[in-house]
Each structure stands twice: as structure tokens, then as C-alpha cells.
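Below you'll find the structure, written out as C-alpha cells, and then a few comments.
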Amino acid sequence: MITLKIKDLDKLKKKVGKNNLLITCSNCPYWNYPRETVDEIADKLNAGIYNVDEICGREDITIDVVDYDSVLVFSCGAGTQIISKILDTEAIPVADTHPVGAKFGETIQTYCQACGNCILDQTAGLCPITRCPKGLLNGPCGGMQKGMCETGEQPCIWALIFQRMEKKHKLDDFLKINMPPVSGK
Ligand code: SF4
Ligand code: SF4
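Pasting the structure below:
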């Protein structure tokens with residue numbers, strides 16, 4: 001799912017009035033955060049909560065927002081724009097939209113930057129654009145130590161790609177990988 005990071009609520013509070021509405025999408029916010037977090041955001045921002053089922057697939061949202069000082073939206077950036085368009089109102093996001101993640105227990109890790117030019121067929125199904133901190137397309141870099149990334153926080157993704165291709169007897173293909181930069185990197 002799309003990963004969301006809640007903005008600085010103290011800063012947001014200075015932008016909004018005393019009687020606000022927090023529109024939440026039923027999907028990504030509740031995948032990223034527990035329900036209690038949504039309640040805490042609403043409480044802090046003096047907002048009632050109105051949940052909309054999958055904002056990104058809706059063309060028919062009917063909410064009377066005229067009496068509210070501010071309309072806040074907890075969704076991805078697309079959802080916030082859809083609310084703004086359909087309700088013809090200023091919409092304030094309460095979260096920043098990040099790339100696509102996977103969830104393991106309570107931990108969310110980013111796996112895909114949605115680059116629009118998927119190269120997983122060349123990299124044994126592992127994404128260096130997202131999972132190498134430098135986004136290198138021809139790693140590993142000189143900082144790799146015993147299979148670990150120089151950050152010390154994770155295995156070097158290029159070491160994993162090498163190991164997987166070695167297992168499949170595809171090291172000739174590994175040596176050919178020297179991809180041009182993907183747009184946006
Ligand atoms: S190459 Fe990586 S960032 Fe691009 S689409 Fe594939 S998984 Fe996503
Ligand atoms: S050690 Fe590997 S994962 Fe870490 S920055 Fe270098 S190439 Fe990327």
C-alpha cells in the first residue's frame with residue numbers, strides 16, 4: 001500500500017480553525033496507523049471524523065462542508081485532491097504521501113518508488129532503486145561490507161541480487177547489468 005507519514009500536527013493546528021472536519025480514506029490511513037492514531041489527530045485538530053470508502057475510486061462524495069472552518073484529509077495526495085475537486089473546497093492533507101510499502105507485523109518497509117519503469121526482471125525481483133539508499137543501478141558500491149549496506153542497517157540489496165542470480169546460474173547476466181538512470185533519480 002501507499003505509505004503515509006503524519007505531518008507536524010502543531011504546525012497544522014496553527015492553520016486550521018476551531019470547528020473542522022477530518023475526512024479519512026478507509027484504506028491507506030488505517031493500514032499505516034491504528035484507529036486510535038486517527039482519533040488522536042482529530043482530537044488535536046478540533047475535528048470530527050467522516051470516513052469515506054476508498055476515496056481514490058469515488059466520483060460521488062456528498063458531504064456538506066459549509067459549516068466547517070477547515071477540511072482536513074487523511075489519505076494519499078490523490079485522495080486529498082479528489083476531495084478538493086468533488087467538494088469544491090480547500091483541502092488540507094494531514095499526512096505526506098510516500099512510496100509503496102509492505103507491512104511485517106507493525107513495521108512498514110518501502111519496497112517500490114513507483115518509478116514507472118520496472119526493472120525487477122533484470123534484478124532477480126529485488127528493487128535497487130528503492131532498497132539501495134543511493135538508488136544505485138550498478139552496485140554494489142565500495143561501501144558494502146560482508147554483504148551489509150554501508151549504512152549498517154540492512155543487507156546490501158546488490159549483494160542479495162548477486163546471491164540470487166548466482167543461485168540461478170545467471171552471473172553472466174549480473175555482469176551485464178549497467179542500467180541507465182531511471183527518470184526522477
Ligand atoms: S523498478 Fe523498483 S521502483 Fe521501479 S516499479 Fe519496479 S519495484 Fe517499483
Ligand atoms: S552498500 Fe549496497 S545497498 Fe548500501 S549504498 Fe552501497 S550499493 Fe547501495
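Numbering (my numbering), first residue to last: 1 to 185. Ideal Cβ placement from N, Cα and C applies to all residues, glycine included. Bear in mind the structure is a predicted one, so any value in this text is a computation, not a measurement.
If we count the other Cβ atoms within 10 Å of its Cβ and call it buried at 16 or more, is residue i buried or exposed?
{"i": "residue 120", "result": "exposed"}
{"i": "residue 26", "result": "exposed"}
{"i": "residue 118", "result": "exposed"}
{"i": "residue 4", "result": "buried"}
Between the Cα of residue i and the Cα atoms of the options, which residue gives the shortest distance?
{"i": "residue 23", "options": "80, 139, 105, 88", "result": "80"}
{"i": "residue 12", "options": "74, 136, 126", "result": "74"}
{"i": "residue 131", "options": "159, 177, 72", "result": "159"}
{"i": "residue 84", "options": "114, 175, 106, 60", "result": "60"}
{"i": "residue 51", "options": "43, 21, 40", "result": "21"}
{"i": "residue 129", "options": "28, 47, 8, 99", "result": "99"}
{"i": "residue 137", "options": "122, 148, 149, 68", "result": "122"}
{"i": "residue 18", "options": "69, 126, 36, 175", "result": "69"}
{"i": "residue 10", "options": "33, 67, 43, 139", "result": "43"}
What whole-angstrom Cβ distance do residue i and residue j have, given they're in contact under 8 Å?
{"i": "residue 156", "j": "residue 165", "result": "14 Å between Cβ atoms; not a contact."}
So for residue i, helix, strand or coil by DSSP?
{"i": "residue 32", "result": "helix"}
{"i": "residue 185", "result": "Note that residue 185 has pLDDT 47, beneath the 50 cutoff, so the model's placement of it is unreliable and the number below is only indicative. Coil."}
* Inside the segment 44-95 only - alpha helix (DSSP H) runs reaching at least 4 residues -> 77-87
* To do: Mind listing, in chain order, the continuous alpha helix (DSSP H) runs of no fewer than 4 residues lying wholly within the segment 2-28?
  => 9-13
* 4-residue-minimum alpha helix (DSSP H) runs that sit fully inside the segment 92-173, ordered along the chain -> 128-131, 157-167
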